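Residues 0 to 221 in numbering that gives the first Met the number 0 are what the sequence shown lists, from first letter to last.
To start, the structure itself, in structure tokens.
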Amino acid sequence: MPAEMNEVDFAQCLVNMGKYAPAELVQQLQEVDPGDQEQVLARELPDEGLDVQPVHHAVQQLAKASGKEYGPELQLYGDYLCLFMHCFRQDMHVPCVLGLQPVTIANSLQGETYTVSQQFSGDVSLVGSIQAQTPVFLAMAEAYSGMKFSEVDAVAIDCVQEFMNVYSGLFTRELAAREQEAELELPRCGANVTPDGSHQLAARVFSGLGVFDVILAMDEFF
């Protein structure tokens with residue numbers, strides 16, 4: 000198992016414990032030097048009984064709160080999100096945590112949104128996607144590429160898709176370590192998509208670039 004999958008997400012531990020609201024914790028972490036963030040977080044965690052799988056437990060809570068029925072795919076969704084959160088922090092250079100409230104029509108992202116998705120096929124059937132409002136989507140493209148964008152053009156889309164392609168590739172390596180072969184389809188992008196996939200789970204991510212959703216399903220939804 001890759002090192003990033005073994006790392007305990009201290010920030011998610013604190014959110015799961017109810018010590019901080021997600022947005023509050025992200026804001027506080029942005030005021031701390033990145034090299035000191037883990038130490039600052041560790042000070043607030045218990046000496047014993049540390050939750051070593053906080054992202055998985057957040058996913059389980061989201062699934063339960065959604066009222067939907069899930070099966071073995073929930074473990075896969077948790078594994079995917081563990082790697083996603085690690086890669087987002089590392090590549091975008093900002094803190095991020097999962098919210099614990101399900102994404103519903105009432106709290107869905109408003110205004111113009113862009114969705115990028117990538118499908119895994121083979122021994123594993125999975126679609127991972129990012130859906131963000133235009134300003135957040137542009138912030139992702141800028142953070143990943145170091146370039147500036149005034150609109151969501153082909154280059155900005157390519158930047159976000161490249162980020163997705165990189166962490167999806169890492170996830171296929173994790174699957175291969177479990178003797179599960181998976182092939183990646185090319186990433187896709189759409190504007191104002193309404194996701195409707197099989198066994199779909201939407202997780203709200205609070206980050207230093209803004210709020211966005213990671214949507215997981217067993218098949219492509221647009």
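Each residue gets a CB set at the ideal place from its N, CA and C atoms; glycine is no exception.
As the structure is a prediction and not an experimental result, all values here were calculated from the model.
Alpha-carbon to alpha-carbon, residue j and residue i
i      : j      : result
Glu3   : Ala176 : Note that Glu3 has pLDDT 46, beneath the 50 cutoff, so the model's placement of it is unreliable and no number is given.
Leu125 : Val25  : 29 Å
Phe83  : Leu169 : 10 Å
Asp35  : Gln89  : 14 Å
Met91  : Gln74  : 25 Å
Pro1   : Ser167 : With a pLDDT of 38 at Pro1, under the threshold of 50, the modelled position of that residue is not reliable, and no figure is offered here.
Ala216 : Gln52  : 21 Å
Phe221 : Gln29  : 35 Å
Glu150 : Val159 : 13 Å
Glu180 : Cys12  : 31 Å
Glu6   : Val123 : 24 Å
Leu174 : Asp218 : 18 Å
Asp152 : Phe162 : 16 Å
Glu111 : His198 : 25 Å
Val222 : Ser107 : In this structure the chain extends from 0 to 221, so residue 222 is not present and cannot be described.
Gln27  : Leu200 : 28 Å
Glu72  : Ser120 : 14 Å
Asp8   : Val14  : 10 Å
Thr103 : Asp212 : 11 Å
Met146 : Val165 : 18 Å
Gly48  : Gln38  : 18 Å
Gly196 : Phe87  : 24 Å
Bridge partner(s) assigned by DSSP for residue i
i      : result
Gln130 : Thr114, Asp212
Phe136 : Looking at the DSSP assignment, Phe136 forms no beta bridge with any residue, so it has no partner.
Glu182 : Ser120
Leu97  : Val204
Arg187 : Ser116
Under the three-state DSSP convention, the category residue i falls into
i      : result
Gly121 : strand
Val31  : coil
Met4   : Note on Met4: pLDDT 44, under 50, position unreliable in the model; the coordinate value appears next. Three-state result, Met4: helix.
Ala20  : coil
Ala142 : helix
Ala105 : coil
Asp78  : helix
Leu49  : coil
Val151 : coil
Val165 : helix
Thr171 : helix
Arg42  : helix
Asp195 : coil
Glu219 : coil
Glu72  : helix
His56  : helix
Expected contact under 8 Å - CB spacing of residue i and residue j to nearest Å
i      : j      : result
Ala140 : Ala155 : 4 Å
Leu40  : Ala64  : About 25 Å separates the two Cβ atoms, so there is no contact after all.
Gly17  : Val54  : Contact flag wrong, Cβ pair sits at about 16 Å.
Discussion item. Check whether the region 41-61 and the region 126-135 are in contact - that is, three or more C-beta pairs closer than 8 Å.
Written reply: Judged by Cβ distances under 8 Å, the region 41-61 makes no contact with the region 126-135, as fewer than three pairs qualify.
Fill in: Inter-stretch contact (C-beta, 8 Å, three-pair minimum) for the region 114-123 and the region 185-193
Because the criterion of three Cβ pairs below 8 Å is met, the region 114-123 and the region 185-193 touch.
Worksheet item: Does the pairing of the region 15-23 with the region 96-109 give three or more beta-carbon distances under 8 Å?
Response: The region 15-23, when compared against the region 96-109, does touch it at the 8 Å Cβ threshold.
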